[in-house]
Structure formats: structure tokens, C-alpha cells
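So the structure is just underneath, and the comments pick up after that.
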Amino acid sequence: MNSPLSSATPRVYTPVSELHVHAEHLQAQSLSDLLGSGSTAAQQRANALAFTFGSLHIDFSKQRLTTKTLMLLKDWVESCGLAAKRQALFAGAKVNTSERRAALHVAARWPSSETPPEGMESAAAFCQHQRKRMAEMVERVHSGKWYGATGQAITDIVHIGVGGSDLGPKLVSEALADRPSSAKVNVHYVSTMDGAQLLPLMECLNPATTLLVLASKSFTTADTQFNVRTALAWLSHALEVDEATVCRHQLIGVSSKPDKMAEFGVPEAQQLVFKEWIGGRFSLWSPIGISVAMQLGVACFDALLAGAHAMDKHFLHTPIEENLPALVALVGAWNSQFLNIPTHAVLPYDGRLKSLPAYLQQLEMESNGKSVGLDGRSVTHATCPILWGDVGPNGQHAFYQLLHQGVHTVSADFVAVAQRAGVGCEKVNRSLKAQEQLTLAHCLAQSQLFALGDDAIPQALRGLMAQGYRGNQPNSVVLLKTLDAWSIGALLALYEHKVFVQSVLWNLNPFDQPGVELGKRLATSLYQTLADEPVEYQNVEDPSTAQLLHKVNEWRK
Ligand code: F6P
4 MNSPLSSATP RVYTPVSELH VHAEHLQAQS LSDLLGSGST AAQQRANALA
54 FTFGSLHIDF SKQRLTTKTL MLLKDWVESC GLAAKRQALF AGAKVNTSER
104 RAALHVAARW PSSETPPEGM ESAAAFCQHQ RKRMAEMVER VHSGKWYGAT
154 GQAITDIVHI GVGGSDLGPK LVSEALADRP SSAKVNVHYV STMDGAQLLP
204 LMECLNPATT LLVLASKSFT TADTQFNVRT ALAWLSHALE VDEATVCRHQ
254 LIGVSSKPDK MAEFGVPEAQ QLVFKEWIGG RFSLWSPIGI SVAMQLGVAC
304 FDALLAGAHA MDKHFLHTPI EENLPALVAL VGAWNSQFLN IPTHAVLPYD
354 GRLKSLPAYL QQLEMESNGK SVGLDGRSVT HATCPILWGD VGPNGQHAFY
404 QLLHQGVHTV SADFVAVAQR AGVGCEKVNR SLKAQEQLTL AHCLAQSQLF
454 ALGDDAIPQA LRGLMAQGYR GNQPNSVVLL KTLDAWSIGA LLALYEHKVF
504 VQSVLWNLNP FDQPGVELGK RLATSLYQTL ADEPVEYQNV EDPSTAQLLH
554 KVNEWRK
């Protein structure tokens, strides 16, 4: 007799349904089972699930999956048409369907020495032209020939931008300019709309030798506009010149809107342009990255682009089985959609990468944090998980307790650097080497403990140590040989392509961000009610916000 579950219509197997069935089977196996110490199978698994590309090595063996899972995931992504969609991306097709635009951030790192794919030619040529103009500006500053309004050479750059116009350059600056001696000029990043980051700079920088970089794709973002207004007021007051003069001597604009830059007062020779087809969170490679080039030199910026470009070619040409961005994407989608893991931690084991979690939050959550598909229908499964994180060793003294013994399942990327350059003094070097070793040991120990829980406790210590480590928290280790410009370029491009592959799996448009608009609108109208002479609150319909406005206004008097 048929069971009540079997119906007249036979079950149709799709890659997704097969993955669900497979996930159910795998639930019974913990990571301890999969990693089973000492067995040949476990050894083979460790070898099969680790991949190297240039100076990047990624180990997926502590993910809750098998080689069969990867095979099924590969079928899934192929059935979603990844190959054709990837080709369309690189050929400049209008993959950003809602805004009817291409997404050609890859053109910004295409070198002039290589023929671009068909469809990308004019975009690559445009980017190369702007890169040349950017290099000339950088050279002028480095050679001491860029003079401020009072005739002094520039020593400091204040980069004003937010979101994609801030996070990428800031991350790279922190990662590569860790020693002040390596910087050609000092660079300071300002993003918060409240002016809090500008205030200390206004106190310590020399206004006569400070150059502002106004970085804003749209050139309308309030956070950036308000910051630049304050910065111009400061320079104008301190130098006793009008703001137009400050703009002529001490302002570079980077935007996709040259008309708006001109209207603002940025002289044409000081405007750097990138096109609408580079999304804000993908714009590090465009002249938005000028402050990195100012700080570290054009050669360093070129090396960053070269690393990203190498990853582009790897992504474009490598079969899925060995394609690192595709694998990272598939593993992420597996965790989120099939293992139902709602959050993903990014845990850099290198203080220089402290801003990596914030960078990836924007890249991934602003891109794929969506629930309506390209077909206009609501999706019925999980999409982008909540990303969060902090420098791993510091997290160990804060939130790791919950990860080891709390109730939540999370996935994680541990990011570590194998080698770093020393300093001149032998004694200090020895001590720094020990710190490097300590950090790597902690990274690997935590990755092991996440995966194995109590089973990570060595036999000799069992019974002697507190137990209750949950384990079974899937994680990848991303190991960089060194933290140089090439490696960080390749790493960030890897995550960009991860986002693209996941958007293909989830049928989303990763290149727009309609969900950020309404908040800006509401704030614009509330701004009026907080003016010195507040207007009435008729527009504020909810009593909760109205009482907060009353209180704020009362305390601001
Ligand atoms: O928060 C929305 C957003 O548009 C991001 O996508 C973008 O990176 C950021 O604001 C800054 O925008 P802009 O570069 O246009 O100032």
C-alpha cells in the first residue's frame, strides 16, 4: 500500500531538493565524525577540501559537507546558468536589471597590457584613462608640487566618504600602511555623519597642508556632503580664504557625477570620474581608491589591482570544482539555505584586517540581503546570512564563550596571515615572530575547537579540563602567505565573486540596494523637526518617535 506521503504525482528531483535530502542525511554526522582523527578517509577529506591559488589557501575541511555535497552544489550552480551569467557580467551586459546597468568593476582592474573580453573594451579603456589621471595627481602630491591655498605642499589627505566610498580604501590602508614610515603622505578617513571623526583632525592637522578627497559615487549622500561642508568651513576659516579658493587648491572630487562635482566647485582638473556601472561597494578599484595610492604609491595600488585581476581570470576560466569564489559561495549557500545557519562570523587573525568584517558586511549584506527575486516573486528560502565579526584574538576574550557553549549555530571564516615582515632590531624581531606564531596557533586552535568541540581535547587531558564545548560549528580557514597588496586584492575580489555566484543561486540582483532609500527619506523629514526652530510634528504619526523628538528637542535647547 502507498504511504500517505506518496501521491499520484511522482516527486520531481531538482538539484535543490536533492541537496535538502542530502542535508537531512548529513545531519546525523557531526564534524567530529567527518574529521575522524587519524583515519585515511579523514586525511583524504583534508586534502580534497583544501585549495591554493597564488598566495591564498582556503581549507573547507571543517565545513559540514562532503565531496558529494560539493558535487551536488556544483550541479545546482550549473543548473542556475552560472557560466552564461558570468560571461554576461564580464561582457558588460546589463546584469543590474532594476537600474538597467552593467556591473563592470572588473573593468577597473583590467590592465592595459591585456585585451579585455568582448563587450568590456570601452569600459576598460575609460577606467585606464582615469587611472592615469589619478596617478598624475598622486605624483604631483608625492613630488611636493601640489600646493595648498597658501602655497604650502600637501602632507595630509582627509578622505571623506561613506559605505563603498570609504570601507574599501580604509581597509586597504589599514592593512598595508600599518607602519607610518611606509606612508608617502598621511591619510585619514572620515565617514560618520556626526562630524565626530573630523573634530580631532581639525585640532591636529595643519590646514595649510591638508588636501580633501570628496569620495561619493552619487555626490548626494548627506553623510559625506555634511562632512565636507564642515571640513571646508574649517579650512576656509583657518586659512582666511573663501571656500571657493579652498576647493580650487585643496579638494579632489571622485564621483560618477562630473556635473555635480563642477557645480559644487571641484575644478575639472581635480575631478576623477567612474561610471554608473561600478557599484559603490565594488568601487575600491576605481579612483575611489585614490587615497590608498596617495598613501602607499601608485605601484602598490597597481599591485592591488593585479591581485584582483588574477582572481577575476581564475573565476572566469577555472572549472567550478576548483574555482575558489564559486566554492566559497557554494559553501556559504549550503550553510545558510540547507543547514539553516543564520549568521556568519568573519574572524581575522591579524589586527591589520580589523575592518574586514565591516567591509564584507556591506559587500555581502547590501548585495544579497534581499527577499524578492529577479522574477519579482518573494523567495521561499534563506538568502544572505547576517555577517558580523571582529579581530579573532580579541573576540576570544569577548563573544567566543557563546560560540563555544551557547545555543546558536554559526558558520565562520577564519582569516590568517602566515608571514609578516620584521623590523630592523633582532631582539624585537624575535619577540614579534613569537607573537606571529602565537596568533597563528590561536587561529588554528579555535578553528579546531569550533569544529570538534569536546573532541578537540587531547586524550591525556580528558577529564582534567572543563568540557561542554558544543563543536560542530562549520568554518573555513583562509590563509594568506603575506598581507601584501596583491593578496588583499585577490582576497577582496574573491569575496566579490562569491557575492555574484550566490546572487545567481538565489536569483537576486546583487547590484542595487533599494532597501537603504526609505530610511534616508524619513530622516530628511525628521531633520526639519530637529531644527533650531522646530517645525510642528504633524508628519510624525507614530507616538513613540514623536515623544523621542520632544525629548531630544527639550535637551538640545
Ligand atoms: O548606503 C547606500 C549607499 O548608496 C551605498 O551603496 C554606497 O556605497 C554608500 O551609500 C555611499 O554612496 P555614495 O558613494 O554615493 O556617497
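For the working numbering, count along the sequence shown from 1 and bump the result up by 3.
For glycine and all other residues, C-beta sits at the position ideal for the given N, C-alpha and C.
As the structure is a computational prediction, the values presented were derived from the model and not from experiment.
Whose CA, out of the options, lies closest to the CA of residue i?
| i | options | result |
| --- | --- | --- |
| V276 | T158, S221, E325 | S221 |
| Q365 | L254, M140, Y498, D245 | Y498 |
| A241 | C207, S219, V269, E325 | C207 |
| W113 | W288, W79, L511 | W288 |
| R423 | K484, A401, I389, L390 | K484 |
| G379 | L455, W509, Q155, G166 | W509 |
| R136 | K65, T55, V257 | V257 |
| V420 | V231, N371, E325, I491 | I491 |
| G398 | F417, S381, H411, V410 | F417 |
| M264 | S219, S381, A302 | S219 |
| S339 | T17, R182, V15, L22 | L22 |
| G164 | H411, D226, T412, I293 | D226 |
| P396 | G427, K373, E367, G354 | G354 |
| G335 | Y192, L390, E142 | L390 |
| E246 | Q273, P461, N230, G268 | G268 |
| V502 | G198, T442, P388, L529 | P388 |
| Q449 | C428, R473, L467 | R473 |
| A178 | W489, T17, L319, H500 | W489 |
| P345 | A385, L363, E367 | A385 |
| P517 | A128, Q253, V375, P322 | V375 |
| L85 | D515, F56, H320, Q273 | H320 |
| V193 | S185, P172, P183, K436 | P172 |
| V413 | L447, G147, F453 | F453 |
| A496 | L464, D315, T233, E325 | D315 |
| S115 | R134, S294, I291, R103 | R134 |
| T72 | L29, L201, A105 | L29 |
| A309 | R524, L202, S58 | S58 |
| A296 | A211, K77, K260, V188 | V188 |
| W79 | K554, S506, T532 | S506 |
Taking residue i as part of the beta strand (DSSP E), name the residues at either end of that continuous run.
| i | result |
| --- | --- |
| W391 | 389 to 392 |
| D62 | 59 to 62 |
| H320 | Segment 301 to 320 is the alpha helix (DSSP H) holding H320; no beta strand (DSSP E) there. |
| H108 | H108 -> no beta strand (DSSP E), and no H or E assigned at all. |
| P261 | Looking at the DSSP string, P261 is not in any beta strand (DSSP E); the run it does join, the alpha helix (DSSP H), is 261 to 267. |
According to DSSP, which residues form a beta bridge with residue i?
| i | result |
| --- | --- |
| N478 | A415 |
| T55 | H60 |
| Q570 | Outside the modelled stretch of the chain, which goes from 4 to 560, sits residue 570, for which no answer is possible. |
| H162 | Y192, V216 |
| V257 | A218, L275 |
| L350 | F417 |
| S381 | V375 |
| A156 | Y150 |
| N99 | R104 |
What residue range does the alpha helix (DSSP H) around residue i cover?
| i | result |
| --- | --- |
| P203 | 201 to 207 |
| L405 | 403 to 408 |
| G522 | 520 to 532 |
| N556 | 546 to 559 |
| P18 | 18 to 30 |
| L34 | 34 to 38 |
| V144 | 124 to 145 |
| G395 | 395 to 398 |
| Q440 | 429 to 455 |
| Q66 | Premise fails: Q66 is in no alpha helix (DSSP H) and is neither H nor E. |
| Y362 | 359 to 363 |
| V15 | Taken as a continuous stretch (DSSP letters only), V15 belongs to no alpha helix (DSSP H), as it is neither H nor E. |
| Q90 | 85 to 93 |
| S82 | 70 to 82 |
| V334 | 327 to 336 |
So that I know if they touch, is there some Cβ in chain D lying closer than 8 Å to that of residue i?
| i | result |
| --- | --- |
| E324 | In summary, chain D is missing from the structure at hand, where a single protein chain is found. |
Should residue i be listed as close to the ligand PLP, given that the test is whether its C-beta is under 7 Å from any heavy atom?
| i | result |
| --- | --- |
| G518 | The ligand PLP is absent from the structure shown, which contains only the ligand F6P. |
**Contained beta strand (DSSP E) runs [length at least 3] in the stretch 170 to 229, N- to C-terminal order** = 189 to 193, 213 to 218
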